Amino acid sequence: MTALTVAAETTTAVLTGLFFTFSAVVMPALAKRPPAEAADTMRQLNRTIVNPLFLLAFLGAPITAAAVAVVGEFALLPTIAAVLVVGGMLAVTAMVNVPMNNALEASDPATTAGQELWSGYLRRWTAWNHLRTVACLGATVLYAMA
């Protein structure tokens, strides 16, 4: 159980740092760039992030979170952590961020429509990313407390 909890805590902490970096650094920097350039850069980031190291943390966090909750017979803190990871990170990513990324990928940042899409995307994507950051941070703290 200890090794599983450490794996859950570690993968979730990695995601906390990643999401925090996007919220605190990447998205504010992109907001200062011309819309077409910023959208194109975000499209490249979205393509690049899907790699084995990212997927290890991104898929490892919810899998180990669920396993810790089940193996721990649904003890309170690990179960809340699992809900935060699966609901606040995985579900938000799948239901909000990925569809937004797909729409951005399908757009042409050089057009007026593409630039308008970027403007809404920047605000909305960042807000939902803040939620993912807080959910992962909360889960990481709960694992430490458990």
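With our numbering applied, the sequence shown covers -7 to 138.
Virtual Cβ for every residue (Gly too), placed ideally from N, Cα, C.
Being a predicted model, the structure only gives us computed values, none of them experimental.
Of the residues A73, T3, A16 and A28, which one's Cα is nearest the Cα of A102?
On the sequence shown, position 110 is the one that residue 102 refers to. Cα-wise, what sits closest to A102 is A28.
Spatial neighbours of W120 within its chain, please: C-beta separation below 7 Å, excluding the five flanking residues on both sides.
By 1-based counting over the sequence shown, the position of residue 120 is 128. V84, V88 and N89, listed in sequence order.
Kindly examine the ligand NAP and report whether one of its heavy atoms sits closer than 7 Å to the Cβ of L114.
Within the structure as shown, the ligand NAP is missing, as the structure has no ligands at all.
So is L142 buried or exposed if we call it buried at 16+ other beta carbons inside 10 Å?
Since the first residue of the chain shown is -7 and the last is 138, residue 142 is not available in this structure.
For A139 versus T2, is the C-beta spacing smaller than 8 Å?
Nothing can be reported for residue 139, as the shown portion of the chain is limited to -7 through 138.
Let's test the definition: count the other Cβ atoms within 10 Å of the Cβ of V60 and tell me whether it reaches 16, buried, or not, exposed.
Taking the first residue of the sequence shown as position 1, residue 60 is located at position 68. Buried.
Does N43 pass the burial test, meaning 16 or more other C-beta atoms within 10 Å, or should it be called exposed?
To locate residue 43, count along the sequence shown from 1; it is residue 51. Exposed: under 16 other Cβ atoms inside 10 Å.
Pick from F11, L134 and F14: whose alpha carbon is nearest that of A67?
On the sequence shown, position 75 is the one that residue 67 refers to. With distances taken between Cα atoms, A67 lies closest to L134.
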